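Here's the structure we're looking at; comments come further down.
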Amino acid sequence: MRVYAIGDIHGHLDKLEEAHARIAADRRGTGDAAAPVIHLGDYCDRGPDSRGVLQFLIDGQARGAPWITLRGNHDRVFLDQLDDAPGAPFRFWTSPGMGGLATAESYGVSLPGWTFAGLAARKFRSAVPEAHHAFLKSLPLFHETETHIFVHAGIRPGLPLTEQIEEDLIWIRHEFLGDPRDHGKVIVHGHTPCETPEHWGNRINLDTGAGYGRALTAAVFEGTEVFVLGEAGRVPLRPRQG
Numbered sequence: 032m033r034v035y036a037i038g039d040i041h042g043h044l045d046k047l048e049e050a051h052a053r054i055a056a057d058r059r060g061t062g063d064a065a066a067p068v069i070h071l072g073d074y075c076d077r078g079p080d081s082r083g084v085l086q087f088l089i090d091g092q093a094r095g096a097p098w099i100t101l102r103g104n105h106d107r108v109f110l111d112q113l114d115d116a117p118g119a120p121f122r123f124w125t126s127p128g129m130g131g132l133a134t135a136e137s138y139g140v141s142l143p144g145w146t147f148a149g150l151a152a153r154k155f156r157s158a159v160p161e162a163h164h165a166f167l168k169s170l171p172l173f174h175e176t177e178t179h180i181f182v183h184a185g186i187r188p189g190l191p192l193t194e195q196i197e198e199d200l201i202w203i204r205h206e207f208l209g210d211p212r213d214h215g216k217v218i219v220h221g222h223t224p225c226e227t228p229e230h231w232g233n234r235i236n237l238d239t240g241a242g243y244g245r246a247l248t249a250a251v252f253e254g255t256e257v258f259v260l261g262e263a264g265r266v267p268l269r270p271r272q273g
């Protein structure tokens, strides 16, 4: 089974379009127009065009493109702002580390400082199309194939998939990243930026830091084999040794 995957996008529509162009070129070489493209979440924040990214994904799915869009932690926090969720970390979202101010600006709204309250909050919520709100609500937490589990951040090691909770699937780091055990299937994730795609045997990290000005990675999975899609085509991604 062939499956494509794209790492964390963070508001970079230009990089997302380039990743899909590389996938389209690979499809032409294989003749496979039906293989799904799994987006690993974090569509918003930090980059300049979160609105454009969401619209691109919505439009593609509306055309019937075989795209799967998973939920990331930034997508959850964005959704919490739209829902005015009790206890939602408003100041956290608008802090420089999260980059929510860039998301608001992509909808034409400048928020004052690190705040997200009162008139500014209402103005922002009214600027986000209902289709974008519905899209964020609809995002699944994982996608499973015969050989892989695709998820934004990772899994809680030792728990079956049916017992995993959203907080771990979109936020977990150290407990997952440092666990060398076999998870039954290879976990494909983003969430924790790395310089280049990493294959650790039991997990594969495709977040190469697009939100920090680095590349956005697209990869193709052929059974247990993995290839990064570069300018010249497929480059094998093999498990690290040692």
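The sequence shown runs 32 to 273 under this note's numbering. Quick reminder that beta carbons are idealized off the backbone N, C-alpha and C, glycines included. All of these numbers come straight from a predicted model, not from anything done at the bench.
Every beta strand (DSSP E) of 3 residues or more that sits fully in the segment 59-110 is shown, in chain order, as 68-70, 98-100. In chain order, P97 place their CB closer than 8 Å to the CB of A65, counting only its own chain and leaving out the 5 sequence neighbours on each side.
Per the coordinates, the alpha-carbon of V251 lies some 25 Å from the alpha-carbon of G209.
Burial check for H205: the Cβ neighbour count within 10 Å stays below 16, so the residue is exposed. Beta bridge pairing from DSSP links R271 with no other residue. Residue pairing by DSSP puts L260 in a beta bridge opposite R265. In terms of Cα proximity to Q272, the closest of D199, E229, H105 is E229.
Membership of A241 in any beta strand (DSSP E) is not indicated, and neither H nor E is assigned to it by DSSP. Residue state for R212 is assigned as coil, using DSSP reduced to three classes. In this structure, DSSP gives H222 a state outside helix and strand, which the three-state scheme calls coil.
Looking at the backbone, the Cα of A158 and that of G131 are separated by about 14 Å.
By the criterion of a C-beta distance shorter than 7 Å, L110 is surrounded in its chain by L167, K168, once the five residues flanking it on both sides are discounted.
Out of I69, V68, G83, the CA that lies nearest to the CA of C75 is found in G83.
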